[in-house]
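One line per chain: the protein sequences are X and U, in this order.
Numbering follows full-length UniProt numbering, in which position 317 of the first sequence is assigned residue number 317; successive positions increment by one, without gaps.
Numbering follows full-length UniProt numbering, in which position 231 of the second sequence is assigned residue number 231; successive positions increment by one, without gaps.
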Amino acid sequence: MKKLVGIVLLSVLSFTMIFAQSGQVEIFSWWTGGGEEEALLATIQDFNELYPNIQVINATVAGGAGTNAKAVLKTRMLGGNPPDTFQVHAGWELTDTYVIPGLMEPLTEYLKAWRVYDKFPEGLIDIVSYQGEVYSIPLTVHRSNVVFYNKKLFNEIGLTKEPQTWNEFIKALEKAKAAGYTPLALGDKNKWPAGQLVENLMVAEFGAKNYNDLFNGELSFNDERLDSTLEKMVQLMDYVNVDHAALAWQDAARLLYEGKAVFNLMGDWAEGYFKTLGLIPGEDFGWFELPGTQAVFVLVSDTFGLPKNAPNRENALIFLKYLASTRAQSVFNPIKGAIPARIDADPGDDPYLIETAEDFRTLIISPSIVHGSAAPEAFVTSFNDAINNLVTTKNVKQAKQMILWAAEDVNLLTD
Amino acid sequence: MSVQKKKARAGFFIILPSLAFIGIFVYYFIFLTIRTSTSNWNSFSSLLSGEYKFIGLRNYQRLFNDPRFQTDLWNTLFFTLFFLAGCIILGIFLANIIDKKLRGSSFFQNLFLFPMAISYVVTGTVWGWIFAPGNLPTSPQGINLLLENLGWSNLQWMWYTSTQSIGNFNLALIPVIIAATWQMSGYVMAMYLAGLRAIPEEMIEAAQVDGSTGTQLFWRIKMPMLRPITLSAMIVIGHMSLKIFDLIYAMTGSGPNNVTDMPAIYMFEQMFRSNRYAIASAIAIIMLIMVAAVIIPYLYSSFRGER
């Protein structure tokens, strides 16, 4: 009898012990393709070496740029069944959808307790904060105001120097056109690549501070510089491949790889794509900031937040603390082809990433519109529609009106 | 209680669970969608607040003033019209050839039916490649490349990225209609084939004895006999076309300036990208009304036919 009680006690004890050290943590993301998935799996594996008893549930939903994942996430958040932590673009994509309705936990005190609050650039902390509280932990940083070019063609058409001003850029495009190449590759079947081009032109035209003020409510969208931005976009359309509406961004980047196009403006995930295609950064392709945006880092950042009522809150915090460590940031980012959000983490040995990491430490940061950092999602959809209308009809007045309506709709039109 | 009544009662209890489920998951949800479509739930916060604020038909009003939604409605109209006509004409044509029982006809019967087994997403992707225009005029792709190799460069065209239109008909819809017709005409063929095979031999023979030609046979005997098939084909293809999403989403996105956009795509974007739940619900209800306009007369006529 005593023996039996002992066995029962022992088993209960061991059960609770295992339970205390372990449990699960569910991580929700849309990282299912290419380097992203590898990076995520490597990070999870590294996490498990540190915490072997926490079982990581890798909940990913496939689909370009997270379209499907975001839909699934919204349904889960609405239904009161949140994951323990989820991937979200830094800024309004999180703030407008989840923070303002009160579905997220602030993380400022944890960041301070983990002594990492000051390890991120101030501009990035601003973007992930709402009313003074940080709501998500940045893991990766991408830059979206980079023009990549095919070095072989660049030299072949007689260019010696990367264009620094708008006029030099137009001249370079003109040369490429005269030589019979596509000057600027664009693939806007999914609309946002054209919107991304315009947001960069906006940064160039307004300057980083005024651009940021557009979304703080300190500067009205109804501004002449918006017209000149849109006019520049129309001007650029003369140098774009005519089948842009049939291509995705990868197809456009491929034109550069195949030696058909000279320039391509794309977020620096394209850099990772070029590397997968076998190009060597600095040798086969070069890069420069879109003229006018040299002093600005237009940012797209993947971050992780903590939903209220996360089923495994303690484990989620352990995981978030891990993500905020230099160790996790250095494991994840080189594989994905991004730079770490922490300025003291190692960016790896890619010349592009080293240069970009340096820029990230020193330049002014501006949030991207089309990637959900600058404005609410409702604005982004309408903005993309307006730009889609612009590149089709070349009607600047109409496109501006559409943007103003979109801004009014989300209370960004301040006058 | 008579045996018949008992049977009827048992039958009622057997279908009761289904009735309950349909009541909840179809009709109650339709009611919820209508309720949402008349609310102010056009952001995540207003939805989560749970407070229902009735704003009447304002969401519908906004939609009908929205140029993109107007384009969507025209696109749906023309797409449905041509898709239906294409499937039915091609379906009758193929069914009549297969029905002649020539050598290898069963092979072709399966071949024509095969596209239906493929998902719209795959069809859309593949036809998207076929009709991708390429960087005209220097480096054409797909069909444009074929045209060039055949020496018909003057027929090269922007296909689904064209922004030309005749009246309200966007020419970019043509490649989409071709792809959709390719997918579904085999199915319509199978329906007609079943219909043709159900026509009694004696009737055809009698007509032939009376000296009717092939054409007369077709128009005077076969077509009237096939009328119910045409009606069902129109219903099946028509409702598919009104709610089409995946084919177009995979093939063209929604095209430059939404030339190939459809209400379902707009609904998806409003719902899951813009968080405008009320607007999205209004689009859903408009789509429901369009489908109902096709289905209800059919149900009514078949109900009357049964009695």
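The C-beta atom is built at its ideal place from N, Cα and C for all residues, glycine as well.
None of these values were measured; they are calculated from a predicted model.
Keeping to the same chain, check which residues put their C-beta closer than 8 Å to that of residue i; ignore five residues upstream and five downstream.
i	result
X:Leu-111	Tyr-117, Val-134, Ile-137 and Ala-324
X:Lys-209	Ile-364
X:Gly-286	Phe-148, Tyr-149, Lys-151, Phe-154 and Glu-162
X:Ile-354	Pro-347 and Gly-348
Output the distance between the C-alpha atoms of residue i and residue j, rounded to the nearest integer angstrom.
i	j	result
X:Phe-221	X:Val-240	27 Å
U:Ile-295	U:Ala-264	18 Å
X:Asn-53	X:Gly-23	7 Å
X:Ala-316	X:Glu-26	8 Å
U:Ser-45	U:Tyr-300	43 Å
X:Ala-204	X:Thr-97	29 Å
U:Tyr-160	U:Gly-255	7 Å
X:Phe-319	X:Gln-87	13 Å
X:Pro-311	X:Glu-105	13 Å
X:Tyr-130	X:Ile-369	17 Å
X:Asp-126	X:Thr-95	12 Å
X:Asn-167	X:Thr-293	14 Å
U:Asn-275	X:Glu-174	42 Å
X:Thr-160	X:Glu-283	15 Å
U:Ile-289	U:Ile-34	11 Å
U:Gln-156	X:Asp-346	52 Å
X:Ser-382	X:Ala-179	37 Å
X:Leu-413	X:Asp-223	11 Å
U:Asp-261	X:Ala-71	20 Å
X:Thr-75	X:Trp-30	15 Å
U:Phe-12	X:Leu-40	54 Å
U:Gln-216	U:Lys-222	9 Å
Can you tell me where the alpha helix (DSSP H) with residue i in it begins and where it stops?
i	result
X:Thr-393	377-393
U:Thr-123	120-130
U:Ala-10	3-22
U:Asn-42	Element bounds for U:Asn-42: n/a, residue is neither H nor E.
U:Arg-58	58-64
residue 437 of chain X	Any question about residue 437 of chain X goes unanswered here, given that chain X covers just 1 to 415.
X:Glu-205	192-206
residue 309 of chain U	Summary: the structure shown does not reach residue 309 of chain U, with chain U confined to residues 1 through 307, and so no result is reported for it.
U:Leu-193	173-198
What are the boundary residues of the beta strand (DSSP E) that includes residue i?
i	result
X:Gln-55	54-60
X:Val-146	146-150
X:Thr-276	Unbroken run through X:Thr-276 is the alpha helix (DSSP H), 269-276; no beta strand (DSSP E).
U:Asp-246	Not the beta strand (DSSP E): U:Asp-246 falls in the alpha helix (DSSP H), residues 246-252.
residue 420 of chain X	The question about residue 420 of chain X has no answer here: the residues shown for chain X are numbered 1 through 415.
X:Ala-246	Where X:Ala-246 is concerned, there is no enclosing beta strand (DSSP E), given that its DSSP letter is neither H nor E.
X:Gln-24	23-29
Beta-carbon within less than 7 Å of residue i's beta-carbon, same chain only, minus the 5 sequence neighbours each way: which residues are those?
i	result
U:Val-259	Thr-163, Asn-170 and Ala-172
U:Lys-53	Ser-39 and Asn-40
X:Gln-164	Pro-291
U:Asn-257	Thr-163
X:Ala-341	Phe-120, Leu-124, Pro-138, Leu-139, Thr-140, Val-141, Ser-301 and Gln-329
X:Lys-177	Pro-183 and Tyr-239
U:Gln-270	Arg-276, Ile-279, Ala-280 and Ile-283
X:Tyr-257	Phe-274, Leu-277 and Leu-279
X:Ala-245	Asp-188 and Lys-189
U:Arg-9	none
Whose CA, out of the options, lies closest to the CA of residue i?
i	options	result
U:Leu-242	U:Ser-119, U:Gly-195, U:Asp-72 and U:Ser-274	U:Asp-72
U:Leu-57	U:Ile-88, U:Phe-303 and U:Ser-281	U:Ser-281
X:Gln-55	X:Glu-314, X:Phe-169 and X:Gln-401	X:Glu-314
X:Asn-200	X:Asp-346, X:Leu-159 and X:Ser-228	X:Ser-228
U:Ser-37	U:Trp-157, U:Asn-59 and U:Leu-147	U:Asn-59
U:Trp-182	U:Leu-94, U:Gly-214 and U:Ser-274	U:Leu-94
U:Ala-198	U:Ile-143, U:Ala-206, U:Ser-2 and U:Ile-229	U:Ile-229
U:Glu-120	U:Asp-261, U:Asp-210, U:Pro-297 and U:Ala-179	Residue identity differs from the one stated: residue 120 of chain U is Tyr in this sequence, not Glu. It is U:Ala-179.
residue 328 of chain U	U:Gly-214, U:Phe-303, U:Val-176 and U:Met-240	Lying outside 1 to 307, the shown extent of chain U, residue 328 of chain U is not represented and no answer is given.
U:Gly-253	X:Gln-196, X:Leu-247 and X:Thr-326	X:Leu-247
Sorted by chain position, which residues of the same chain lie with C-beta nearer than 6 Å to residue i's C-beta, five sequence neighbours on each side aside?
i	result
X:Phe-215	Ala-374 and Ala-375
U:Gln-141	Ala-132 and Gly-134
X:Ala-194	Asp-188, Ile-387 and Val-391
X:Val-147	Phe-263, Leu-265, Phe-288 and Leu-290
X:Phe-379	Ala-406 and Val-410
X:Val-331	Ala-42, Thr-43 and Asp-46
X:Asp-268	His-142, Arg-143 and Val-146
Residue i touches chain B at which residues, Cβ-Cβ below 7 Å?
i	result
U:Glu-269	As a matter of chain content, chain B is missing from the structure shown, whose protein chains are X and U.
* Kindly confirm or deny that the region 213-220 of chain X and the region 265-276 of chain X touch, where touching means at least three C-beta pairs closer than 8 Å. => no
* Kindly confirm or deny that the region 76-91 of chain U and the region 233-249 of chain U touch, where touching means at least three C-beta pairs closer than 8 Å. => yes
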